[in-house]
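Residue numbers for the sequence shown follow my numbering, so the first one is 928 and each next one is one higher.
Notes to accompany the following structure.
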Amino acid sequence: MGSSILTASFGAFAQQAAKVYRIGFLGVGKAPGRIDTLRAGLRDLGYVEGKNIIIEYRWAEGSSERLPQLAVELVRLNIDVLVTHSTGGPRAARQASASIPIVMVAVGDAVATGLVESLAPPGGNITGSTILGPQLVAKRLEMLKEALPHVSRVALLVRPNIPSLPSIRKEMETVVRSRKVEVQEFEARHPKDLEAAFQGMARSRIEAVVVSEHPALTENAGIIAKLAINHRLPLAGYGEFTEAGGMLGYGVNFPELYRRAAYFVDRVLKGARPGDLPVEQPTKFELVVNVKTAKALGITIPQSILVRADRVIE
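Structure follows, in structure tokens:
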């Protein structure tokens, strides 16, 4: 009797141990470095692709309009949890399923956009991390003016029709008034639009560029940074843009937020309800300075900025 109970228990344990979880990832634009840190975070928690997890990727290739269709595709694969970013990702995922757990990564103001009821607890089937992106974009303009006090005409490179654009404009207006700078928006929906955007900046006699947050822009950070250098425009984005050749970077460490997403995935796979897991906000913001690019543009970065930099690229 005892032996048969032990045998049955061991069999049940073996079945549980052998379970392979299916994770869906819904992306607006590809950002390999961020995905690598998500995988690394999962590995640290014991989840290895091909062994006990399968990750199904769906990319909108910069076209947010495709997100709802791609979310439905993932749901039909019977995934255990869906990881996504940008505001459009969680929205599309929630429309596709009200029951599958959704882990959002670095989504702009999740409460204001209606993705969650509150940060703690979020309720519903969504949890993860949220950032106050508009404030960070405005801070980049402020840092740019501190580095280049003489600059009076600045371009804001944006993805058109993003939900956070009104908030970005509102936050920028405060800096515009206090720093006496004019900001002109230039839109880029697809990579092919970037060259035209920078040509427009040249015609408008733009003196510097600020980049707003959007996965489709991040995916093309290298192209954007190169265009800025070719047009001799100092650029302020976030860390990945600075690594690609932009002059200043200020914001959250996006790769680390993707690593942290693995924690939420782990909790959900172990039975936690997303609505009970508090949504997190980053508390650390990085200032990155690319001195090499500054020198190439004939710019000397003030010591007041260099001493505050978390990283300096020589």
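Backbone N, C-alpha and C fix where the C-beta goes; we use that ideal spot for every residue, glycine too.
These numbers come from a predicted model, not from an experiment.
- Excluding the 5 residues flanking it on each side, Gly1166 has same chain C-beta neighbours closer than 6 Å at Gly1176, Glu1213 and Val1215, in chain order.
- For the pair Val975 and Thr1227, the Cα-to-Cα distance works out to about 46 Å.
- Rounded to the nearest whole angstrom, the C-alpha separation of Arg1106 and Gly1178 is 20 Å.
- Secondary structure note for Gly960: its alpha helix (DSSP H) is the uninterrupted segment Pro959 to Asp971.
- In its chain, beyond the 5 residues on either side, Glu1114 have a beta carbon closer than 8 Å to the beta carbon of Asp1120.
- Take the alpha-carbon of Ala1074 and the one of Val1218: they are about 12 Å apart.
- Look at the region 1052-1088 and you find these whole runs of alpha helix (DSSP H), each 4 residues long or longer: 1060-1074.
- Under the three-pair Cβ rule at 8 Å, the region 984-995 counts as touching the region 1012-1029.
- Within the same chain, and ignoring the five residues on either side of Asp963 in sequence, the residues whose Cβ sits closer than 8 Å to its Cβ are Pro1182.
- Per DSSP, reduced to three states, the secondary structure at Gly1173 is coil, with no helix or strand assignment.
- If you look at Gln996, you'll find it isn't in any beta strand (DSSP E); it sits in the alpha helix (DSSP H) that goes Leu994 to Val1002.
- A contact is defined here as three or more CB-CB pairs under 8 Å, and the region 977-986 fails this definition with respect to the region 1023-1030.
- At the C-beta level, Ser1079 and Glu1112 stay beyond 9 Å of one another.
- Nearest neighbour of Gly1051 by Cα position, chosen from Ala1171, Leu1162 and Pro1205, turns out to be Pro1205.
- With distances taken between CA atoms, Val947 lies nearest to Ile1006 out of Gly989, Ile1006 and Gly954.
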